[in-house]
Amino acid sequence: MPKLEATEREAALKELDGWTFDAERDAIRRSFKFADFSEAFAFMTRVALAAETANHHPDWSNVWNRVDILLTTHDAAGLTRRDIDLAKRIDAFAR
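The working numbering puts the first residue of the sequence shown at 1222, with every later residue one more than the last.
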């Protein structure tokens, strides 16, 4: 899958809520906050199952009620449509 061009990336970011572009990593990132660790972990479980199904895995970290996610396509060395699609699924889990 090809990397998104700058104009494609800007249009794609408009489709997402709260995601920002990380130019250094050619990736998108977002932090999610939950009421407690249990809610954060439940969210991570849903994301993990979706990522495994899509065979596209996020770079992420968790500290108590916060989950930080970074998406990039390593094979393409940058942001692709695959990342945008997974970000949309992740957003749906956070609602």
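A virtual CB, placed ideally from N, CA and C, is assigned to each residue, including glycine.
Taken through DSSP and simplified to helix, strand or coil, Thr1266 comes out as helix. Note: Phe1242 is bridge-paired with Ile1249 in the DSSP secondary-structure output. According to the DSSP secondary-structure assignment, Lys1254 is paired through a beta bridge with Arg1287.
The segment 1271 to 1280 makes contact with the segment 1288 to 1306; the number of CB pairs closer than 8 Å reaches 3 or more. The C-beta distance from Asn1286 to Met1265 rounds to 12 Å, too long to meet the 8 Å contact threshold. Relative to the Cα of Arg1251, the nearest Cα in the group Asp1238, Glu1231, Leu1300 and Ala1232 belongs to Asp1238. Looking at the DSSP output, Thr1294 sits in a beta bridge with Gly1299.
Classified as exposed, Arg1316 has fewer than 16 neighbouring CB atoms from the shown chains inside 10 Å of its CB. Arg1230 and Leu1300 have their C-alpha atoms some 8 Å from each other. For Glu1229, the enclosing alpha helix (DSSP H) starts and ends at Ala1227 to Lys1235.
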